[in-house]
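Position 47 of the sequence shown, counting from 1, maps to 47 under UniProt numbering, and the rest follow consecutively. Quick reminder that beta carbons are idealized off the backbone N, C-alpha and C, glycines included. Only one structure is covered here, and it is reproduced in the block below.
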Amino acid sequence: MPLASHKAPDVPPVAVEVVLLRHEPREGFTYRRLITALGRGVSPDHAARGLALLGEQDETHLVHSTSWRATREGGITLTYLIHPDPAPDQPGTPLPQPHRIACSPRPGHPSPPDLEIGHVVAHAIRHLAFLEHTDPAVAAHVYAWPGLVHALRSLPLAVAGEMAHA
1 MPLASHKAPD
11 VPPVAVEVVL
21 LRHEPREGFT
31 YRRLITALGR
41 GVSPDHAARG
51 LALLGEQDET
61 HLVHSTSWRA
71 TREGGITLTY
81 LIHPDPAPDQ
91 PGTPLPQPHR
101 IACSPRPGHP
111 SPPDLEIGHV
121 VAHAIRHLAF
131 LEHTDPAVAA
141 HVYAWPGLVH
151 ALRSLPLAVA
161 GEMAHA
């Protein structure tokens with residue numbers, strides 16, 4: 001008996017979002033946000049680097065995937081943090097509360113109903129703070145930025161991505 005031919009299900013669109021992070025001791029955290037659709041056959045890492053105009057041989061910038069989320073339209077957004085911002089002369093958005101956490105009030109519905117880009121950026125910063133303690137490559141990058149190290153270490157101890165060990 002021949003196999004039935006099935007049409008491939010509609011694949012939800014995937015977007016790659018880049019948070020280009022800056023930190024100045026007086027101004028605190030600021031960021032720029034860039035976003036693009038993920039093209040067929042393109043790796044998300046490559047798309048993130050392309051958005052930031054980083055060459056493949058560029059090793060001076062940290063590029064790290066920090067989160068994903070579903071969109072209201074049924075797509076998926078993959079978020080990357082890039083530090084430092086390769087175009088610091090471009091206008092940035094201040095992030096006055098990098099400790100702000102978006103939470104759902106309902107345990108069976110994990111997506112926060114009021115999620116904003118500031119929450120996503122704050123999550124990415126807390127993720128970076130966690131990696132500064134656990135990932136030697138990230139730590140080596142961050143240590144070149146003493147003001148950033150101080151800011152990351154001033155965040156609450158329970159950071160994004162932290163897992164309790166039994």
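Does DSSP put residue i in a helix, in a strand, or in coil?
i	result
Pro88	coil
Ile125	helix
Thr134	helix
Ala144	coil
Arg81	The identity of residue 81 in the sequence shown is Leu, whereas the question assumes Arg. The answer is strand: DSSP assigns Leu81 an E or B state.
Gly50	helix
Cys35	Checking the displayed sequence, the identity of residue 35 turns out to be Ile instead of Cys. Three-state result, Ile35: strand.
residue 167	Since the first residue shown for the chain is 1 and the last is 166, residue 167 is missing from the structure and cannot be characterised.
His21	Reading off the sequence, residue 21 comes out as Leu, not His. The answer is strand: DSSP assigns Leu21 an E or B state.
His64	strand
Leu95	strand
Ile101	coil
Arg72	coil
Gly28	strand
Could you check the C-alpha separation between residue i and residue j for me, to the nearest Å?
i	j	result
Arg49	Val19	11 Å
Pro44	His150	30 Å
Pro110	Ala70	11 Å
Leu148	His46	25 Å
Pro96	Ala144	23 Å
Glu56	Leu62	12 Å
Leu53	Arg72	29 Å
Leu152	Ile117	19 Å
Pro112	Glu132	26 Å
His119	Ala137	25 Å
residue 179	Leu51	In the structure as shown, the chain begins at 1 and stops at 166. Residue 179 is therefore absent and cannot be evaluated.
Does the beta-carbon of residue i have 16 or more other beta-carbons within 10 angstroms, so that it is buried, or is it exposed?
i	result
Gly92	buried
His99	exposed
Arg32	buried
Ile101	exposed
Met163	Any reading at Met163 must be qualified, since the residue scores a pLDDT of 45, below 50, and its modelled position is unreliable; the value itself is stated next. The residue is exposed, with fewer than 16 neighbouring Cβ atoms inside 10 Å.
Asp114	exposed
Quick one, which of the options has its alpha-carbon nearest residue i's?
i	options	result
Ala129	Leu21, Val16, Pro13, Val14	Leu21
residue 223	Trp68, Asp89, Ser104	Outside the shown range of the chain, which is 1 to 166, sits residue 223, and nothing can be said about it.
His23	His141, Thr77, His83	His83
Arg26	Pro94, Val42, Ala137	Pro94
Ile35	Gly28, Ala15, Val42, Gly41	Ala15
Please return the same chain residues whose Cβ sits closer than 6 Å to the Cβ of residue i, not counting the five positions on each side in sequence.
i	result
Leu65	For the sequence presented, residue 65 should be read as Ser rather than Leu. Hits under 6 Å: Tyr80.
Pro105	none
Ser67	Thr79, His123
His141	Leu62
Cutting at 7 Å between CB atoms, please list the residues of its own chain near residue i, excluding the five before and the five after it.
i	result
Pro13	Ala37, Gly75
Between which residues of its own chain and residue i is the CB-CB distance below 8 Å, once the five residues before and five after are set aside?
i	result
Arg40	none
residue 195	Outside the modelled stretch of the chain, which goes from 1 to 166, sits residue 195, for which no answer is possible.
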